[in-house]
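Taking it in order: structure first as structure tokens, then the write-up.
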Amino acid sequence: MEIPRHWRLKQQRYSLVGEVCPHCDHKIFPPRDICPNCGDEAKELFTFSGKGEVYSYTKIYEAPTGFDANAPYTVALVKLEEGPIITAQLTDLDSTPVEIGMPVEMVTRKMRNDGDERGIIVYGYKFRLRT
Amino acid sequence: MTTPHPHSPTLLKPVKPVGIVGYGAYVPRYRLPAKEVARVWTGGKGGLPIKEKAVPGLDEDVITMSIEAARNAMLRAQIDPTELRAVWVGSESHPYAVKPTSTLVAEAIGAVPNTQAADWEFACKAGTEALVAAMGLVGSGMGHYAMAIGMDTAQGKPGDALEYTAGAGGGAFILGPAEESLAIINASYSYVTDTPDFWRRENQKYPEHGMRFTGEPAYFKHITEAATHLMEASGTTAKDYKWAVFHQPNTKFAQRVSGQLGFSPEQIEPGLLVPVIGNTYAGAAMIGLTATLDIAQPGDRILVVSFGSGAGSDAFDILVTDAAPLRAGLATKTQEYISRRTEIDYAMYVRYRGKLQMK
Ligand SMILES: [Zn+2]
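So the protein lines, in turn, are chains W and B. Going by the numbering used here, the first residue of the first sequence is number 1, and it counts up by one from there. Going by the numbering used here, the first residue of the second sequence is number 1, and it counts up by one from there.
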């Protein structure tokens, strides 16, 4: 059971809330309170647009515990419009072949159950192709 | 127009005029053709109540679908989410038995913590019930904006008549002052009685229906009474409305009740989505209204009548304002969602809907 962690991360997971550096305007995700660009403190919240493109990807056939119900699925490095690159599942792919540079947008989806079907449902960001 | 009753005491009409300031739809992309259900259960024999129904993906439920519809409504309303004083979700498929859908939706759109949040239940009219309550909250001045969502991922028993039509989708509406709205809600009217047409007991996965009770004494009676009363009290007839949206458990019921009430096939056409997405239960009347608002022009008048088993109907008299066409373009339109389509077979449907016993 990881309920405290799920609860602490809900804003960044549900709606891509990260941070913006007040000194150099660098956009930060996930939030870490220190700007990786200039090293100063950065605690101002910033909600990302959710738009980005596929930077790299791989298809998962042997999924880790908790994610096996969704296999096979595609995991991508997504470069957000505001700069950061994040790891996320791609969803609603259909039979469309994934390509590097494809435009994607964030959606909030079910990630997995915490433990079994008696546990809480963990929701978070995934990306789908942008039409 | 005939002369309206000066103060019909049974109409639900807010003190301050209220309207829709934003709306949004969501339909998942998977489609199960009705002929595929027939192939598995009847050898392909028998009439089909719809063409196909929308099916949610493995990672979707009423919470994720409500979030997307709510985000679309926010895009159209162009308001700050912290100005919402209510986030209400009506559904008969809330993911949790205990733990609200609404708090998670409110969190995801940035409306927490200074807001009301609640889940509504009344079979297929849970969404419009929340809409009436939102009219009251805004119309009394208790809050400037309130959001009401109707969303469902309906399940039918394998092989049952309802399995052909039990679909997925819905709509979200943000209500606010009439002067800021893209459509003014002139009034609503609700008609309810205790009727045993459809139910699901606690811990049962699939609903039961009361056969002969589902048609005449339930759907037709309540919709007809609600529509007739609202129009009489408002001094209108079917001809005063450009468009009409009725709850739509299947294509035939919606066509028949609208015809009986004097509406033409053209009037219900934009809001009649059941042939291509199925019966979206608490989402049905709501998403029909989103599709109608997508194409509505200033001055168009819209009649909306929901139906929920058990049983009751909420009827709304809506007038489209000048702001509608512009705001319709600010988010994904309902027909765009419908055109994003991946056909699945019955086997994939069984996996997506969790009908496989895994252990
Ligand atoms: Zn910096």
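The beta carbon of each residue, even a glycine, is placed where N, CA and C say it ideally should be.
Listed along chain B, the residues sitting closer than 9 Å to W:Lys126 by beta-carbon distance are Asp59. Secondary structure note for B:Ser258: it is in no beta strand (DSSP E), and the uninterrupted alpha helix (DSSP H) holding it is 251 to 260. Look at B:Ile79: its C-beta is not under 7 Å from any C-beta on chain W. Closer than 7 Å to the CB of W:Tyr14 there is at least one CB belonging to chain B. Within the region 60 to 81 of chain W, the residues whose Cβ lies closer than 8 Å to some Cβ of chain B are Ala69, Asn70, listed in chain order. In this structure, B:Arg327 lies near B:Arg76, with their beta-carbon atoms less than 7 Å apart.
Under the Cβ criterion of 7 Å, W:Arg109 is counted among the residues facing chain B. Shortest Cα-Cα distance from B:Pro217 to any of B:Phe307, B:Gly283, B:Tyr145, B:Ala168 involves B:Phe307. Separation of W:Lys110 and W:Asp94 (C-alpha to C-alpha, rounded to the nearest whole angstrom) is 18 Å. Ranked by how close their Cα comes to the Cα of B:Ala315, the residues B:Val112, B:Leu131, B:Ile338, B:Ile20 have B:Leu131 in first place. Under the DSSP assignment, B:Gln116 falls in the beta strand (DSSP E) whose first and last residues are 116 to 120.
Of the heavy atoms belonging to ligand 1, at least one sits nearer than 6 Å to the Cβ of W:Asp40. Close to chain W, meaning a Cβ-Cβ distance shorter than 7 Å, are the following residues of the region 21 to 41 of chain B: Arg29.
With fewer than three CB-CB distances shorter than 8 Å, the region 158 to 165 of chain B does not count as touching the region 128 to 142 of chain B. In this structure B:Ile50 is not in contact with B:Gly288, their Cβ atoms being roughly 14 Å apart against a cut-off of 8 Å.
Residue contact check for B:Thr153 against chain W: no CB pair falls below 7 Å. Remark: fewer than three beta-carbon pairs, one from each stretch, lie closer than 8 Å, so the region 184 to 192 of chain B and the region 79 to 87 of chain B are not flagged as touching.
Contact annotation, B:Ile185 with B:Gly22: C-beta distance approximately 14 Å; criterion of less than 8 Å not satisfied.
CA-to-CA, the gap between B:Tyr206 and B:Gln155 works out to about 6 Å. Beta-bridge pairing by DSSP links B:Met151 to B:Gly170. Within chain B, no C-beta atom comes less than 8 Å from the C-beta of W:Asp25; the nearest is roughly 21 Å away. In the structure shown, B:Lys13 adopts coil according to DSSP, grouped into three states. Excluding residues up to 5 positions away in sequence, Val122 lie with their Cβ nearer than 6 Å to the Cβ of W:His6 in the same chain. In its chain, beyond the 5 residues on either side, Gly22, Pro81, Ile109 have a beta carbon closer than 7 Å to the beta carbon of B:Met74.
Rounded to the nearest whole angstrom, the C-alpha separation of B:His94 and B:Tyr30 is 20 Å. Between the C-alpha atoms of B:Asp300 and B:Ser234 there is a straight-line separation of about 16 Å.
With a cut-off of 6 Å, the C-beta of W:Asn37 is classified as near ligand 1, since at least one heavy atom of the ligand falls inside that distance. W:Asp92 and W:Leu129 have their alpha carbons spaced roughly 8 Å apart. In this structure the region 262 to 275 of chain B lies against the region 232 to 252 of chain B, because at least three pairs of beta carbons, one per stretch, are closer than 8 Å.
Residues of chain B whose Cβ lies closer than 7 Å to the Cβ of W:Lys10 are, in chain order, Glu107.
Secondary structure note for B:Val62: its alpha helix (DSSP H) is the uninterrupted segment 62 to 77.
A distance criterion of 6 Å places the beta-carbon of W:Cys24 in contact range of ligand 1, judged by its closest non-hydrogen atom.
In this model, B:Pro265 and W:Tyr61 are separated by some 49 Å (Cα to Cα).
For B:Arg353, the closest of B:Pro325, B:Leu58, B:Ser8 by C-alpha to C-alpha distance is B:Leu58. Within 9 Å of the CB of B:Pro95, the CB atoms of chain W belong to Lys110, Ile121, in sequence order along the chain.
With a threshold of 7 Å between beta carbons, W:Thr87 makes no contact with chain B.
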